[in-house]
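Scroll down for the structure; my scribbles are underneath it.
Protein chains in written order, with the numbering used here: chain A, 135 to 339; chain B, 150 to 553; chain C, 6 to 193.
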């Protein structure tokens with residue numbers, strides 16, 4: 135019968151109209167600026183630098199200024215200067231670490247190439263500013279965020295990274311211990327020599 | 150408003166508009182009364198319908214939003230109530246772009262004439278017991294004569310824009326008007342036949358009273374009247390270029406058709422005309438089929454008549470929006486086929502049905518049941534036969550690749 | 006003569022002349038619509054509501070569409086100016102003058118003889134019901150004859166326009182059934 139389908143369609147839209155007032159499953163809109171959306175854990179954009187301690191983020195950066203990410207960055211938005219002491223010896227941490235977020239495309243390649251787990255992806259997306267150049271160029275102090283924050287935004291990945299780092303540290307310690315032990319073993323004879331009763335010197339031939 | 154004397158037997162709410170008018174006229178010298186009365190009527194109509202247009206756009210966006218499970222505009226003012234004014238400011242401050250090769254005169258004339266033509270039909274609608282701007286003997290004819298030229302304005306807009314899409318829209322508007330003017334008028338004829346008059350006030354008066362104390366004598370509550378009402382509303386959808394018959398301004402295929410080359414306030418005028426046209430046709434449907442300003446039940450007459458008219462009008466307009474939210478657009482051949490092969494035959498049969506109804510007005514008792522049965526059969530049987538023959542084999546579709 | 010009559014007559018005459026003079030066919034058609042509106046106004050002025058509104062519905066709402074359709078569908082290039090043959094032959098001039106003379110011979114005596122009403126009368130007290138009774142009663146034969154003529158012309162137009170042979174039928178026209186079988190599988 136002509137018209138049956140039309141009435142069914144009207145019923146569907148009417149159900150939506152009524153349902154949107156009492157059924158949260160139908161009314162899924164989040165009124166954004168007042169209510170922040172719950173971001174999925176896998177959501178990621180713009181990198182940040184992981185620091186160990188909240189009280190001294192710049193001093194405890196994991197970054198050693200190896201500049202691998204700077205070289206790998208496809209749009210070349212990372213700029214790093216190594217921190218050096220008066221004699222020009224590298225201090226193994228960045229003096230300047232800038233990311234131009236107007237250029238960054240959130241490709242995550244810097245994260246993948248970093249051997250120190252020092253740079254990770256953030257979840258910020260409210261990046262609108264009233265200034266085009268300086269406000270979008272993020273410096274070291276803006277980029278440094280604690281490992282606790284990393285745990286908050288990406289708990290799975292952070293746990294995995296922490297476990298790996300701990301394992302590496304443990305392995306390194308054991309290795310160091312073993313090395314020390316080996317060194318000790320090899321060095322033992324010398325200091326131990328006096329302990330042993332030294333055979334009397336052979337009579338002179 | 151006609152200068153009828155104020156009856157004293159009615160509630161003060163019913164006569165309040167008349168008293169307000171008389172109070173205003175009292176401030177002017179006697180010699181100016183005839184023109185002041187007309188100007189007042191025009192001002193009230195334009196003001197009321199202008200405000201209704203503003204809030205109809207908001208209501209449409211809100212309803213469409215809710216039907217699509219989102220809130221709709223809710224930022225400007227409390228719950229978005231100032232949104233229409235923000236839109237108006239935006240439209241007024243936009244640049245008015247006229248294409249270089251456009252026919253400048255027609256391009257500027259089209260939106261203005263469209264708004265004017267869609268407004269003048271409102272003059273003969275009885276909005277309340279005493280509220281009608283002009284009482285004409287041939288008011289129904291006047292209404293459709295006034296509305297007949299609206300599609301000409303759309304044609305002017307489409308042709309003057311010097312744009313392929315606009316020209317296509319102009320052609321479609323003409324084809325649509327030719328197709329749908331016929332069922333629109335044919336669905337009105339039964340009402341004129343039964344009421345025996347072309348005057349809108351008399352048609353509303355003929356629908357007063359209740360059968361058995363609860364069944365209003367509205368035309369829509371008779372078999373032929375229901376059929377005519379449905380036909381009228383379908384044709385009205387097409388006449389006012391509303392979805393699913395919005396072919397002239399099909400956004401997705403003609404990039405808004407005749408509106409393509411319009412911007413700023415002229416564009417807003419087209420929108421205004423669309424809503425005015427919709428409101429005028431709905432008001433006519435209320436007058437012809439839904440009993441005009443008559444209350445549905447006797448004890449509900451405590452509310453003044455214009456409140457009942459407004460309630461019915463808004464209900465019909467909400468129906469327009471509901472339909473827009475539900476149905477996809479027709480193709481041009483489906484549109485004309487629906488008009489000529491379905492609506493026109495149904496309307497002609499309905500005319501005979503109404504003639505039968507009008508001839509058997511004296512039947513009573515068991516004959517009354519026979520009268521209803523015959524009239525009902527005269528609607529249902531042709532409907533089923535026509536839909537069977539026209540739409541057989543059309544569905545449901547079987548898709549070869551898409552999973553069902 | 007009332008001011009309203011003068012204004013309406015002026016509208017009719019001016020728009021009709023402009024429609025004749027205009028080189029743009031669409032403008033001519035739209036001006037013609039204005040003329041019809043003016044004529045409807047004249048009927049209203051004369052107190053014939055029903056005829057006036059019918060004039061508006063039929064001419065402004067219906068005939069104008071047909072005229073515009075004809076203009077849009079027949080002319081290939083709507084900007085191409087009308088070609089006027091400069092060397093109008095003697096026969097052409099004579100034919101034109103003869104046509105003018107015959108029309109004038111019909112119209113001018115009628116205008117001279119007919120008494121010009123000074124102002125709109127009280128208006129005929131002819132209700133719509135009475136018009137219907139007259140049309141269905143004494144004038145039934147005329148109505149039927151007009152109906153037959155219109156039907157015949159309609160059938161004639163259909164015969165002329167309808168595709169006669171298979172070649173005339175465009176490829177996309179699947180016989181007017183409107184059944185789009187593009188994505189449809191025949192039920193087996």
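A virtual CB, placed ideally from N, CA and C, is assigned to each residue, including glycine.
On a predicted model such as this, the values are computed, not experimentally measured, just so you know.
Could you give the residue range of the beta strand (DSSP E) that holds residue 217(A)? 212-218
Three-state secondary structure (DSSP) of residue 225(A): strand
At a CB-CB cut-off below 9 Å, which residues of chain C make contact with residue 329(B)? Correct list: empty, because the minimum Cβ distance to chain C is about 11 Å.
Residue 495(B) by DSSP, collapsed to three states: which one? helix
Taking DSSP as the reference, what is the three-state secondary structure of residue 350(B)? helix
What residue does the alpha helix (DSSP H) around residue 287(A) start on, and which one ends it? 281-287
So is residue 176(B) in contact with chain A if we call contact Cβ pairs under 9 Å? no
Compare the beta carbon distance of residue 333(B) and residue 388(B) with 9 Å and say whether it is the shorter of the two. yes
Taking the alpha-carbon positions, what's the residue 68(C) to residue 156(A) distance? 53 Å
Is residue 273(A) near residue 232(A), with beta carbons less than 9 Å apart? yes
Tell me the DSSP secondary structure of residue 243(B) in three-state form. coil
Just to check my reading of the structure: residue 162(A) and residue 223(B) have Cβ atoms closer than 8 Å, yes? What is that Cβ distance to the nearest angstrom? Rounded, the Cβ-Cβ distance is 15 Å, inconsistent with contact.
Proximity to residue 203(A) [Cα-Cα], best of 183(A), 316(A), 192(A), 191(A): 183(A)
Using the beta-carbon count (16 or more within 10 Å), is residue 234(B) buried or exposed? exposed
Return the residues of the stretch 150-172 of chain A that lie within a Cβ-Cβ distance of less than 8 Å from chain B, sorted by chain order. 150, 151, 153, 154, 155, 160, 161, 162, 163, 165
Got a sec? Which residues, its chain only, sit under 7 Å from residue 404(B) by beta carbon, not counting five neighbours each side? 314
Note down the Cα distance separating residue 535(B) from residue 377(B), rounded to an integer number of angstroms. 16 Å
Pick from 288(B), 446(B), 281(B), 354(B): whose alpha carbon is nearest that of residue 363(B)? 446(B)
Between 322(B), 198(B), 254(B), 279(B), which lies nearest to residue 168(B) when the distance is taken from Cα to Cα? 279(B)
Do you know whose CA, among 479(B), 467(B), 451(B), 250(B), lies nearest residue 401(B)'s CA? 479(B)
List the whole-angstrom C-beta distance separating residue 427(B) from residue 466(B), where the pair is believed to meet the contact cut-off of C-beta under 8 Å. 7 Å
Helix, strand or coil at residue 155(B) according to DSSP, with G and I counted as helix: Its pLDDT being 48, under 50, residue 155(B) is placed unreliably in this model, and the value from its coordinates should be taken loosely. Here residue 155(B) sits in coil by DSSP.
Check whether chain C comes within 9 Å of residue 378(B), counting only Cβ atoms and requiring the distance to be less than that. no
Got a sec: is the Cβ-Cβ distance from residue 293(B) to anything in chain C below 9 Å? yes
Using a Cβ cut-off of 9 Å, pull out every chain C residue sitting near residue 298(B), in sequence order please. 38, 42, 61, 65, 66, 69
Helix, strand or coil: how does DSSP classify residue 239(A) here? coil
Which same chain residues end up closer than 7 Å to residue 299(B) when comparing Cβ atoms and leaving out the 5 residues on each side of it in sequence? 263, 266, 267, 426
Verify whether the separation of the beta carbon atoms of residue 307(B) and residue 368(B) is less than 9 Å. no
Nonlocal neighbours in the same chain, by C-beta distance under 8 Å from residue 317(B), ignoring five residues either side: 307, 403, 406
Can you pull the chain C neighbours of residue 320(B), defined as C-beta to C-beta under 7 Å? 77
Please decide whether residue 474(B) counts as near chain A, where near means a Cβ-Cβ distance under 9 Å. yes
From the DSSP secondary-structure annotation, give me the bridge partner or partners of residue 202(A). Its beta-bridge partners do not exist; DSSP assigns none.
Residues of chain C with CB closer than 8 Å to the CB of residue 447(B), please, in chain order. Going along chain C, no residue has its Cβ under 8 Å from residue 447(B), so there is no contact; the nearest lies around 31 Å.
Whole-number beta carbon distance between residue 353(B) and residue 275(B), since they are thought to touch under 8 Å: 5 Å
In whole angstroms, what separates the C-alpha of residue 7(C) from that of residue 50(C)? 10 Å
Of the choices 153(A), 174(A), 212(A), whose alpha-carbon is the least far from that of residue 270(A)? 212(A)
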